[in-house]
Every structure is written in structure tokens, then in C-alpha cells.
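Positions in the sequence shown are counted from 1; adding 1 to them yields this note's numbering.
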Amino acid sequence: MVATADGPASEYAVKTAMVYKITKFVSWPESAFDPEDAPLKICVAKGGSFARHMKSLEGRKVGSHPIEIVTFKEAGAVSQQCQVLVISRKESKQAEQLLLAVDARPVLTIGDSDGFAEQGWIIGLEIRQSHVSFAINVDASHDVGMDINTQLLQLAKIIEKGGV
Numbered sequence: 002m003v004a005t006a007d008g009p010a011s012e013y014a015v016k017t018a019m020v021y022k023i024t025k026f027v028s029w030p031e032s033a034f035d036p037e038d039a040p041l042k043i044c045v046a047k048g049g050s051f052a053r054h055m056k057s058l059e060g061r062k063v064g065s066h067p068i069e070i071v072t073f074k075e076a077g078a079v080s081q082q083c084q085v086l087v088i089s090r091k092e093s094k095q096a097e098q099l100l101l102a103v104d105a106r107p108v109l110t111i112g113d114s115d116g117f118a119e120q121g122w123i124i125g126l127e128i129r130q131s132h133v134s135f136a137i138n139v140d141a142s143h144d145v146g147m148d149i150n151t152q153l154l155q156l157a158k159i160i161e162k163g164g165v
């Protein structure tokens with residue numbers, strides 16, 4: 002699942018495709034969806050690096066859940082209904098506020114700032130030698146009641162509370 006970050010696709014188009022593929026390997030607790038076929042809501046900062054590309058995911062499905070993109074301008078406006086929160090380097094200054102906005106809820110947090118997973122978030126996208134790879138903080142996912150499929154874990158750099 003390592004994708005090339007150069008070539009015809011932009012960096013954020015590739016990262017958006019990875020976000021979509023990653024969500025297929027995540028299990029949320031039943032309480033995250035009411036009703037059980039409710040949309041999978043992906044929150045992304047309005048005008049952020051991911052926003053334009055994330056719109057391409059609308060209407061696709063993850064399991065029985067159609068994807069819906071929800072944009073926000075400030076951390077305080079992050080919807081209580083989001084199951085995925087995507088944060089680009091551009092929004093990293095408000096990352097702590099965003100983490101507090103979704104604290105203890107089953108929200109898959111994905112970002113591309115340096116050390117994202119090491120800082121307590123769930124998945125960090127990284128560019129290494131022109132390829133997008135990812136790190137997963139397994140403890141952070143378990144803390145909010147989410148399970149990540151072992152197939153995905155085998156492709157990732159695993160981060161634990163004590164570091165790598």
C-alpha cells in the first residue's frame with residue numbers, strides 16, 4: 002500500500018487515496034454509527050491541503066457506509082458526528098485543540114505532520130524517498146475503541162505509547 006508521491010498525481014491526491022484505503026481496514030465500535038448504515042463522515046479543514054481532494058471520496062462506500070465529507074474552519078467546529086478527522090501540516094498548529102475536540106471518541110485521526118502518530122494521534126502519513134508510507138499508533142486506536150486489521154498493521158510502522 003505504498004504509493005508514489007511524485008508523478009502525475011499530486012501529493013495530496015495520493016494521500017487522499019490512502020485515507021480511503023486505510024478506512025477499509027478499520028473497525029469502529031457500533032456506537033459510532035447511528036443508524037448502523039449511517040454515513041462515514043470525514044472531517045477536514047476547509048481550505049486545507051486535503052480539502053479539495055477529499056471531495057473526490059464523497060459517495061464512495063466503506064462497508065455499508067457512504068462517505069460524506071464535512072469541512073470545518075476552526076477546531077471548535079469539528080462535528081460531533083465525524084468518524085474520521087484528517088489534519089494536514091497546515092492545520093498542525095491547532096492539532097492539540099482538534100485532539101481535545103474528539104478526545105475519547107471513536108474517531109480515526111489521520112495527519113501528515115512530522116511525528117503525528119508519535120504525538121498520540123492514530124495514523125501518520127509520511128513521505129520517505131518519494132513514497133507515502135504510514136505509522137500507526139495502536140495504543141491510541143485501542144484507547145478510543147477502534148480496531149485496525151492486521152493486514153494494515155503489517156504494512157505500517159507501529160508506534161506504541163513508549164515510542165517506536
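By construction, the Cβ of each residue, glycine as well, lies at the ideal position given by its N, Cα and C atoms.
Only a predicted model underlies this, so the values are computations on that prediction, with no experimental measurement involved.
**OP:** Report buried or exposed for residue 157, applying the criterion of at least 16 other Cβ atoms within 10 angstroms of its Cβ.
**Re:** Sequence index remark: in the sequence shown, residue 157 carries index 156 (1-based). When all chains shown are included, residue 157 counts as buried.
**OP:** Starting from the Cα of residue 21, find the closest Cα among 138, 159, 124 and give me that residue.
**Re:** What you label residue 21 is simply residue 20 of the sequence shown in a count that begins at 1. That would be 124, whose Cα lies nearest to the Cα of residue 21.
Subject >> Extent of the continuous beta strand (DSSP E) to which residue 71 belongs >> reply: As a first step, residue 71 is located in the sequence shown; it is residue number 70 there, counting from the start. Its beta strand (DSSP E) spans residues 66-73.
Subject >> Backbone CA spacing between residue 35 and residue 106 [nearest angstrom] >> reply: Within the sequence shown, the letter at position 34 stands for residue 35. Within the sequence shown, the letter at position 105 stands for residue 106. Approximately 14 Å, taken between the alpha carbons.
**OP:** Enumerate in chain order the residues of its own chain whose CB-to-CB distance from residue 80 is below 8 Å, with the five nearest sequence positions on each side excluded.
**Re:** Mapped onto the sequence shown, residue 80 falls at position 79. Sequence-distant partners of residue 80 (beyond 5 residues in either direction) whose C-beta falls short of 8 Å from its own C-beta, in its chain, are 42, 44, 71, 73.
Original post:
Taking the alpha-carbon positions, what's the residue 13 to residue 31 distance?
Top reply: For the purposes of this step, residue 13 is taken as residue 12 along the sequence shown, with counting starting at 1. For the purposes of this step, residue 31 is taken as residue 30 along the sequence shown, with counting starting at 1. Distance between the alpha carbons of residue 13 and residue 31: 30 Å.
Original post:
Can you give, in chain order, each stretch of the beta strand (DSSP E) that sits fully within the segment 73-127 and has at least 3 residues?
Top reply: Those beta strand (DSSP E) runs which fall completely within the segment 73-127 and span 3+ residues are 85-88, 109-112.
Subject >> Option nearest residue 108 by Cα separation, candidates 47, 38, 83 >> reply: Position 107 of the sequence shown, counting from 1, holds the residue named residue 108. Considering only 47, 38, 83, the residue with the shortest C-alpha distance to residue 108 is 83.
**OP:** Could you pull the start and end residues of the beta strand (DSSP E) that residue 41 belongs to?
**Re:** The residue you call residue 41 lines up with position 40 of the sequence shown. Per DSSP, residue 41 belongs to the beta strand (DSSP E) from 41-46.
Subject >> Test item: CB-CB of residue 1 and residue 117 under 9 Å >> reply: The displayed coordinates of the chain run from 2 to 165. Any statement about residue 1 would go beyond what the structure contains.
Subject >> Counterpart residues of residue 28 in DSSP-defined beta bridges >> reply: Sequence index remark: in the sequence shown, residue 28 carries index 27 (1-based). Beta-bridge pairing links residue 28 to 148.
**OP:** Classify residue 24 as buried or exposed, calling it buried when 16 or more other Cβ atoms lie within 10 Å of its own Cβ.
**Re:** Here residue 24 corresponds to residue number 23 of the sequence shown, with the count starting at 1. Per the 10 Å Cβ criterion, buried.
Original post:
If you draw a straight line from the alpha carbon of residue 65 to that of residue 161, how long is it in whole angstroms?
Top reply: Within the sequence shown, residue 65 is the residue found at index 64, counting from 1. Within the sequence shown, residue 161 is the residue found at index 160, counting from 1. Rounded to whole angstroms, the gap between the alpha carbons of residue 65 and residue 161 is 31 Å.
Original post:
Along the chain, where does the alpha helix (DSSP H) that runs through residue 53 open and close?
Top reply: One-based indexing of the sequence shown puts residue 53 at position 52. Here the alpha helix (DSSP H) through residue 53 covers 52-55.
Original post:
When burial is assigned at 16 or more other CB atoms within 10 Å of the CB, is residue 17 buried or exposed?
Top reply: Taking the first residue of the sequence shown as 1, we reach residue 17 at position 16. Buried.
Original post:
What does a CB cutoff of less than 6 Å around residue 127 pick up in its chain, not counting 5 residues either side in sequence?
Top reply: Here residue 127 corresponds to residue number 126 of the sequence shown, with the count starting at 1. Within its own chain, the residues whose Cβ lies closer than 6 Å to the Cβ of residue 127, once the five positions on either side in sequence are excluded, are 134, listed in chain order.
**OP:** Verify whether the separation of the beta carbon atoms of residue 152 and residue 26 is less than 9 Å.
**Re:** Residue 152 sits at position 151 when you count from the first residue of the sequence shown. Residue 26 sits at position 25 when you count from the first residue of the sequence shown. Cβ distance < 9 Å, so residue 152 and residue 26 count as in contact.
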